[in-house]
Each structure stands twice: as C-alpha cells, then as structure tokens.
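A.B. asks:
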Amino acid sequence: MRKPLPAVTLRGDAAAEAICAVVRRIPRGWVATYGQVATMAGMPRRARLVGRVLQHLDSKTNVPWHRVVNAKGEVSFSLSRNGGDILQRRLLEKEGIEFDGRNRLDLERNRWLD
DNA sequence: GTTATGACTTCAC
DNA sequence: CGTGAAGCCATAA
C-alpha cells in the first residue's frame, strides 16, 4: 500500500526550517533576495526552493516572508499568489520601504547584509 | 519513465 | 536598462 501523497512536504522539513531561520533574522525595514537567503541557509543555488517554502507558510506564521524579494529588487508578481504579492508590497511599504513606479525597491539601499 | 511549471538567478545581447 | 535562453530543483500530471 502506498503512502498517501503528503500535502506539504516542505513544511516541517529540515531544509525548510533552515530557510525560515534565516528569514526570521531579517530586520524590520530590510529585505533579502531569494538567492541570498538560500546561500545563508547553507544551500546555494536553491532560490526557487526558498520561494516554495515561503508559499507554504500558514497565515499565522512568525516568519517575515514579505522581506524576501527577487534579485531585481521587485516583489515577484504571480497570479498563483492570489493577491499575496499585493499584500507583500503593502507590508514592506508599512515598514518604510519605498517602491518606484515599476514595483521595484532600491536593493543597494535596502538589502540586509549579515 | 517524461514533460511542464514555478514567490529564481545569471549571463549574453 | 530590457529580453531571452539556459540552468536550477521540487511537484504535479
């Protein structure tokens, strides 16, 4: 008998925990990129994995997922996020981060350096 | 097994 | 600075 497909394998996984641990260290008002988080979590080139882990967080998580943006310095927009991208931008603005007319922020100025 | 898809990144034009 | 292609790796079909 085959084991039922786990609904979410990334949540609770060791790799997922490592990623969350890094994201939780991002100070309020600062951002990091997916690739940066991946590298800091000890798994370079796993940027996409970071995005997938964040997508599975539940709404009451203590992980500041909104402080993670892509390498271009913009909030990743996707229909599959069902409005989560808009929320992300709003949360960042509430922390004092400014966006230009193209949904981008200044990475040089806002990137969190460990 | 193969193919397609993504909250990605990097490099070449 | 924009675009496209290739690389990436976990999931879903």
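For the first sequence, my numbering gives the first residue as 6, with consecutive numbering after it.
The beta-carbon is built from N, C-alpha and C at its ideal position, and this holds for glycine as well.
(1) Below 7 Å CB to CB, which residues in the same chain sit around Y39 once its five sequence neighbours on both sides are set aside?
(2) Kindly list the residues whose CB is nearer than 7 Å to the CB of W117, restricted to its own chain and excluding five residues on each side of it in sequence; keep chain order.
(3) Which residue wins for smallest C-alpha separation from R114, given the options N108, G106, I102, R50?
(4) Can you give the Cα-Cα distance for D18 and R86, rounded to whole angstroms?
(5) So, are the CB atoms of L48 and A26 less than 8 Å apart?
(6) Tell me, to the nearest whole angstrom, how far the beta carbon of I91 is from that of V58; I am working on the premise that it is less than 8 Å.
(7) If we ignore side chains and look at the alpha-carbon of each, how far apart do R107 and K65 end up?
(8) Only counting the same chain, and skipping five residues up and downstream in sequence, which positions put a Cβ closer than 7 Å to that of D119?
(9) Comparing alpha-carbon positions, which option in R109, L96, V28 lies nearest K77?
C.D. replies: With the given structure in hand:
(1) A52, V55, G56, V73, N75
(2) I31, P32, W35, V36, A37
(3) I102
(4) 22 Å
(5) Looking at the sequence itself, residue 48 is Met, so the reference to Leu does not match. Contact: no.
(6) No, I91 and V58 are not in contact; Cβ-Cβ is about 21 Å, not under 8 Å.
(7) 30 Å
(8) M45
(9) R109
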